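Each residue of the sequence shown is one higher than the last, beginning at 178 in the working numbering.
Heads up, the thing below is written out as structure tokens.
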Amino acid sequence: MSHSDVGAYVLGILDDRDSAQFENHLIDCLRCQRELQDLSAMPDVLDGVRLVNGPPLPTPGALVLQHTLADISVARRKRTRTLWASGIAAAALIVLLPLGTAGLMKGPAQSDGNKVPTELVRGETVEATSPIGAKGKVVLEPTNYGTRLTGWFSNMNGPATCQWVVISKKNEAQVAATMYVPPGKTDVPLEIHGAAPFPKSDIARFELRPMTGGSWITIPVS
């Protein structure tokens, strides 16, 4: 395994054998852990890309490209499901370092009550409490691709799968990450990491939306 395999792993291009080898490599490689944090939001960004109108590609090139993109999209979704199912050991290592990760959700942020360890994360902090009592705090860290995000959410009733959505000042919405809320009430904050393709100055607010519809909490950004 080499450091250059991070992008292929995130996009789901590696086969099962190479993926398993990369996950073993990831456990001990801090460089790849950091690159994974920077790239793991890319599948959601790429899934939102649409081809613009332009001159048709030569046949059979257009058909080959269409099938290739479709295969990569399926592979990315499969890789995302695999990441969430396995909860790779490296993710547990990354969230304990002051680096942050993108698109990976750690369980309870602390075992001692509702304390949120924002001192481990660099950047501007925003927070809010919703009318239903859900609480959220987000740290925004500027990067060369947009904004790295670390969030903590509590006082929610699971089980539920939610999308963490970032909305720009132009009302453009992007999914920063997807998280699972375990059964029962989340008294201890759940920690989640993601990324936005917007500069921090262009972000208007965050929303945590259950897949069943609606919004549990909105966190405005000044």
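Glycine residues also receive a C-beta, built at the ideal position from the N, C-alpha and C atoms.
Note that the coordinates shown come from a computational prediction; the quantities given were computed from them, not determined experimentally.
Rounded C-alpha distance that separates residue i from residue j
i	j	result
L191	G313	36 Å
Y186	K377	27 Å
G390	R194	38 Å
K346	S399	11 Å
Q351	S331	22 Å
E349	E200	34 Å
K362	N334	4 Å
L317	E301	5 Å
N321	G310	35 Å
I396	Q210	28 Å
Where residue i falls: helix, strand or coil (DSSP)
i	result
L191	coil
N321	coil
A372	strand
G184	helix
S331	strand
Proximity of residue i and residue j at Cβ, strictly below 8 Å
i	j	result
G323	A372	yes
L367	W393	no
V365	A353	no
T327	Q340	no
Limits of the unbroken beta strand (DSSP E) element including residue i
i	result
M388	From DSSP, M388 is part of no beta strand (DSSP E); its letter is neither H nor E.
T355	A350 to K362
S345	N334 to S345
I309	Per DSSP, I309 belongs to no beta strand (DSSP E) and is neither H nor E.
P397	I394 to P397
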